[in-house]
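Student: Okay, handing you the structure first.
2 protein chains.
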Amino acid sequence: MVSKNQIKLITSLQQKKYRNQHQLFFAETKKVIDEFLDAQFELVQIYTTQEGLFSQVNQSKICAISETELKKISALVTPNECLAVFKIPVHASFEAKGLIVALDDIRDPGNLGTIIRLCDWFGVETLLCSKETVDVYNPKVIQSTMGSISRVKVIYEDLIPFLKETKLPVYGTFMDGATIYAEKLPEDAVVVMGNEANGISPEVELAVTKRIAIPRFGNIQKTESLNVATATAITLSEFRRN
Amino acid sequence: MVSKNQIKLITSLQQKKYRNQHQLFFAETKKVIDEFLDAQFELVQIYTTQEGLFSQVNQSKICAISETELKKISALVTPNECLAVFKIPVHASFEAKGLIVALDDIRDPGNLGTIIRLCDWFGVETLLCSKETVDVYNPKVIQSTMGSISRVKVIYEDLIPFLKETKLPVYGTFMDGATIYAEKLPEDAVVVMGNEANGISPEVELAVTKRIAIPRFGNIQKTESLNVATATAITLSEFRRN
Numbered sequence: 001m002v003s004k005n006q007i008k009l010i011t012s013l014q015q016k017k018y019r020n021q022h023q024l025f026f027a028e029t030k031k032v033i034d035e036f037l038d039a040q041f042e043l044v045q046i047y048t049t050q051e052g053l054f055s056q057v058n059q060s061k062i063c064a065i066s067e068t069e070l071k072k073i074s075a076l077v078t079p080n081e082c083l084a085v086f087k088i089p090v091h092a093s094f095e096a097k098g099l100i101v102a103l104d105d106i107r108d109p110g111n112l113g114t115i116i117r118l119c120d121w122f123g124v125e126t127l128l129c130s131k132e133t134v135d136v137y138n139p140k141v142i143q144s145t146m147g148s149i150s151r152v153k154v155i156y157e158d159l160i161p162f163l164k165e166t167k168l169p170v171y172g173t174f175m176d177g178a179t180i181y182a183e184k185l186p187e188d189a190v191v192v193m194g195n196e197a198n199g200i201s202p203e204v205e206l207a208v209t210k211r212i213a214i215p216r217f218g219n220i221q222k223t224e225s226l227n228v229a230t231a232t233a234i235t236l237s238e239f240r241r242n
Numbered sequence: 001m002v003s004k005n006q007i008k009l010i011t012s013l014q015q016k017k018y019r020n021q022h023q024l025f026f027a028e029t030k031k032v033i034d035e036f037l038d039a040q041f042e043l044v045q046i047y048t049t050q051e052g053l054f055s056q057v058n059q060s061k062i063c064a065i066s067e068t069e070l071k072k073i074s075a076l077v078t079p080n081e082c083l084a085v086f087k088i089p090v091h092a093s094f095e096a097k098g099l100i101v102a103l104d105d106i107r108d109p110g111n112l113g114t115i116i117r118l119c120d121w122f123g124v125e126t127l128l129c130s131k132e133t134v135d136v137y138n139p140k141v142i143q144s145t146m147g148s149i150s151r152v153k154v155i156y157e158d159l160i161p162f163l164k165e166t167k168l169p170v171y172g173t174f175m176d177g178a179t180i181y182a183e184k185l186p187e188d189a190v191v192v193m194g195n196e197a198n199g200i201s202p203e204v205e206l207a208v209t210k211r212i213a214i215p216r217f218g219n220i221q222k223t224e225s226l227n228v229a230t231a232t233a234i235t236l237s238e239f240r241r242n
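From first to last, the protein sequence lines are chains A and B.
Read in order, the letters of the first sequence are residues 1 to 242 in full-length UniProt numbering.
Read in order, the letters of the second sequence are residues 1 to 242 in full-length UniProt numbering.
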């Protein structure tokens with residue numbers, strides 16, 4: 001049984017404003033919830049239509065609900081057995097070492113989710129997001145990461161001061177950059193990926209110390225650009241294959 | 001002015017059944033429509049709220065409409081000045097040479113659109129789609145390709161007979177494949193990419209002659225898999241960088 005107030009609270013968490021106010025977010029599907037539990041995220045409550053689905057969890061944290069109730073709180077088109085509310089973790093400051101990906105105003109939740117999966121795959125532990133980047137606790141991002149968000153530290157920061165001060169080389173992709181295939185890429189670096197429509201912003205561009213490019217092989221000039229998630233895929237693959 | 005029958009026809013083209021019946025599809029936004037015009041797709045009619053937007057087109061093919069009318073025929077959340085109806089081209093049989101991408105039941109329109117952009121970027125001229133792959137003339141695919149679909153030949157075929165008969169090596173990505181970074185990849189090959197949820201189907205797997213893998217660098221076993229579009233990005237990049 002879920003109360004009116006709980007329904008109101010959970011549906012409000014679809015909005016960034018209320019996630020920030022309550023410092024809570026929610027995740028759906030057994031698979032994704034399990035990933036957060038395994039990663040020691042602090043659970044507030046699980047709502048589920050299936051008894052015994054989370055036997056490892058303290059039963060006081062589990063609330064049995066009906067399909068109709070699940071529909072009321074879910075953000076999915078097809079709600080799937082369970083929804084869990086977690087506290088947003090407080091990340092201590094991060095260490096500027098290893099390979100760091102920095103996102104300059106990524107707006108699409110699907111792109112952010114895909115990039116988090118890529119960071120997880122390629123062992124990138126820190127993902128820096130500009131303050132205008134879509135919120136990582138947006139339900140669409142949470143679901144599209146398939147749980148890998150529980151293993152990548154996502155930090156919202158003003159990019160400019162960090163990029164200006166860091167001792168790491170700062171890589172950015174530009175049409176006129178040096179081909180990424182010929183570069184000797186270091187293990188420790190920051191890789192900046194730009195906004196879907198506008199690319200890397202002029203202020204951030206000034207902080208880039210290494211301009212690289214993914215060569216195009218199509219036979220005409222028309223090919224616009226790569227989607228930011230596929231460009232991130234190729235770039236991270238190049239950094240790791242070295 | 002757009003007639004009731006035209007509205008009915010155009011909105012019906014959001015469904016594959018009616019696209020096949022009429023052998024028509026539609027595209028939206030000036031940018032995307034221009035790409036199809038440049039690529040010599042056969043135009044049936046342009047509907048636009050802006051006079052003079054397509055001065056290169058025979059004016060008998062242009063129909064001036066109101067914003068309200070555009071909303072009625074558009075598949076976009078925010079309709080944008082114009083919509084054009086084109087004939088679906090009839091592709092003659094294709095030549096099995098060069099680098100060919102074959103999709104084994106890709107279901108998500110966004111993934112197909114992204115893969116078409118990748119083919120365009122990496123100079124892949126032929127994209128083979130299994131018959132269960134999402135329809136390329138689906139409005140969501142058309143819009144997400146940003147026009148690059150006009151430069152990639154997309155052919156729906158039974159994959160199995162083609163893969164069994166082709167003399168080209170057939171590459172497929174599998175967890176237990178040889179690392180793609182160490183392979184000498186040929187210029188002429190077929191690269192099979194599998195379904196989002198189930199990967200490459202068992203029947204198609206039997207036709208794969210080269211099992212490859214994109215290595216993972218994350219420190220734990222949990223990382224599921226790469227999204228099919230990002231896996232395609234990395235694979236095509238490896239084939240071309242050689």
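In this text, a Cβ means the ideal position worked out from N, Cα and C, and glycines have one as well.
None of the values given here were measured: they were computed from a predicted structure.
Using only alpha-carbon positions, find the residue among B:E165, B:G194, B:Y171 and B:K164 that is nearest to F239 (chain B).
Tutor: The shortest Cα separation from F239 (chain B) among B:E165, B:G194, B:Y171 and B:K164 belongs to B:Y171.
Student: Under 7 Å between beta-carbons, which chain B residues line up against A233 (chain A)? List them in chain order, please.
Tutor: The answer, in chain order, is T230, A233 and I234.
Student: For the alpha helix (DSSP H) containing D34 (chain B), name the first residue and the last one.
Tutor: Looking at the DSSP string, the run of the alpha helix (DSSP H) that includes D34 (chain B) is K30 to D38.
Student: Taking the alpha carbon of N5 (chain B) as the reference point, which residue from B:Q56, B:E67, B:L43 and B:I73 has its own alpha carbon closest?
Tutor: Considering only alpha carbons, the answer is B:I73.
Student: Take every Cβ of the region 203 to 213 of chain B, pair it with every Cβ of the region 164 to 184 of chain B, and state whether three or more of those distances are shorter than 8 Å.
Tutor: Yes, the region 203 to 213 of chain B touches the region 164 to 184 of chain B.
Student: Between the Cα of L127 (chain B) and the Cα atoms of B:S55, B:V57, B:S201 and B:E157, which residue gives the shortest distance?
Tutor: Looking at the Cα atoms, B:E157 is the closest of the given residues.
Student: Measure the alpha-carbon distance for K16 (chain A) versus N138 (chain A) and round it to whole angstroms.
Tutor: The alpha-carbon atoms of K16 (chain A) and N138 (chain A) are separated by roughly 7 Å.
Student: Check the Cβ of L118 (chain B) against every Cβ in chain A and list those closer than 9 Å, keeping chain order.
Tutor: Here the neighbours are L226, N227 and T230.
Student: Look at the alpha carbon of C63 (chain A) and the alpha carbon of I7 (chain A), and state the distance between them as a whole number of angstroms.
Tutor: Taking the straight line from one Cα to the other gives about 13 Å.
Student: Could you please give the first and the last residue of the uninterrupted beta strand (DSSP E) stretch that includes D176 (chain A)?
Tutor: First-last of the beta strand (DSSP E) with D176 (chain A): V170 to T179.
Student: So which of A:T114, A:H91 and A:T166 has the shortest CA-CA distance to A231 (chain A)?
Tutor: Ranking the options by Cα distance to A231 (chain A), first place goes to A:T114.
Student: With 8 Å as the threshold, decide whether the Cβ of S12 (chain A) is near any Cβ in chain B.
Tutor: Not one chain B Cβ lies under 8 Å of S12 (chain A).
Student: Would you identify the three-state DSSP class for L76 (chain B), choosing helix, strand or coil?
Tutor: In the structure shown, L76 (chain B) sits in coil (DSSP, three-state: anything other than H, G, I, E or B).
Student: From what residue to what residue does the alpha helix (DSSP H) around F162 (chain A) run?
Tutor: It spans L159 to E165 - the alpha helix (DSSP H) in which F162 (chain A) sits, taken as one unbroken run.
Student: Tell me which residues of the region 99 to 128 of chain A have at least one Cβ-Cβ distance to chain B shorter than 8 Å, keeping chain order.
Tutor: Against chain B - using a Cβ distance shorter than 8 Å - the residues of the region 99 to 128 of chain A are G110, T114, R117, L118, D120, W121, F122 and G123.
Student: Between the alpha carbons of L159 (chain A) and S130 (chain A), how many angstroms are there, rounded?
Tutor: Going by the C-alpha atoms only, they are around 6 Å apart.
Student: Check this for me: beta carbons of I149 (chain B) and I100 (chain B), under 8 Å apart or not?
Tutor: No. Outside cutoff.
Student: Pick helix, strand or coil for Y47 (chain B), following the three-state DSSP scheme.
Tutor: It is a strand residue.
Student: Anything in chain A within Cβ reach of F41 (chain B), meaning under 8 Å, just list it in chain order.
Tutor: Correct list: empty, because the minimum Cβ distance to chain A is about 14 Å.
Student: In the DSSP assignment, the beta strand (DSSP E) including Y156 (chain A) goes from what residue to what residue?
Tutor: Residues K153 to Y156.
Student: In chain A, which residues lie less than 8 Å from G194 (chain B) when you measure between Cβ atoms?
Tutor: The contacting residues do not exist; G194 (chain B) stays about 16 Å from chain A at best.
Student: Residues of the region 164 to 193 of chain A in Cβ contact with chain B at a cutoff of 8 Å, in chain order, please.
Tutor: Against chain B - using a Cβ distance shorter than 8 Å - the residues of the region 164 to 193 of chain A are Y181.
Student: Do we get a CB-CB distance below 8 Å when we pair G218 (chain B) with the residues of chain A?
Tutor: By this cut-off, G218 (chain B) is an interface position.
Student: Measuring straight from C-alpha to C-alpha, what distance separates S237 (chain A) and P109 (chain A)?
Tutor: Computed Cα separation, rounded: 22 Å.
Student: Where does T126 (chain A) fall in DSSP's three states?
Tutor: T126 (chain A): strand per DSSP, three-state reduction.
Student: Any beta-carbon of chain A closer than 8 Å to the one on S237 (chain B)?
Tutor: Interface residue, yes.
Student: Can you give the Cα-Cα distance for A75 (chain A) and P186 (chain B), rounded to whole angstroms?
Tutor: So the alpha carbons of these two residues sit roughly 46 Å apart.
Student: With burial defined as no fewer than 16 other Cβ atoms inside 10 Å of the residue's Cβ, what is the status of M193 (chain A): buried or exposed?
Tutor: With 16 or more Cβ atoms within 10 Å of its Cβ, M193 (chain A) is classed as buried.
Student: Just to confirm, are D135 (chain B) and N195 (chain B) a CB contact at a threshold of 8 Å?
Tutor: It is not a contact, given that the beta carbons lie outside the stated cut-off.
Student: Could you tell me the distance, in whole angstroms, from the CA atom of V124 (chain B) to the CA atom of L206 (chain B)?
Tutor: Each residue's Cα considered, the two are about 24 Å apart.
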